[in-house]
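Written below as structure tokens is the structure these notes are about.
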Amino acid sequence: MTDGPHWRYGTDDGPAPGELLLAAVGACFVNHLVRYMQFKRALLDGVEARVTGAFRFEAELEVYDNISFDVTVSA
3 MTDGPHWRYG TDDGPAPGEL LLAAVGACFV NHLVRYMQFK RALLDGVEAR
53 VTGAFRFEAE LEVYDNISFD VTVSA
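In case it helps, this note's numbering puts the sequence shown at residues 3 to 77.
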């Protein structure tokens with residue numbers, strides 16, 4: 003289920019599609035990172051990732067200008 007904020011005529015009861023996009027990109031990145039570390043036989047205690055995106059409005063659409071990753075790996 004997706005939703006949007008009140009100012010976009012949503013009920014703010016669930017994540018917006020753009021938030022799900024950032025979550026999917028982050029999950030994909032972490033999955034590939036973990037698989038690469040396994041390939042290199044590196045032992046991991048944990049991986050933490052924070053994904054943020056800055057967007058602008060263009061013709062009533064939200065367009066991401068950039069997506070940033072802040073990743074912490076514990077080994």
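C-beta: ideal position from N, C-alpha, C; glycine also.
Predicted model only: the values in this text are computed from it and were never measured.
- Residue 65 has its alpha-carbon roughly 5 Å from the corresponding atom of residue 58.
- The closest CA to that of residue 46, considering only 77, 12 and 5, is found on 77.
- Under the criterion of beta carbons closer than 8 Å, residue 35 and residue 53 do not qualify as touching, at roughly 13 Å.
- In the three-state DSSP reduction, residue 22 falls in the helix class (H, G or I).
- Taking a C-beta distance under 7 Å as the contact criterion, residue 28 and residue 18 do not qualify as a contact pair.
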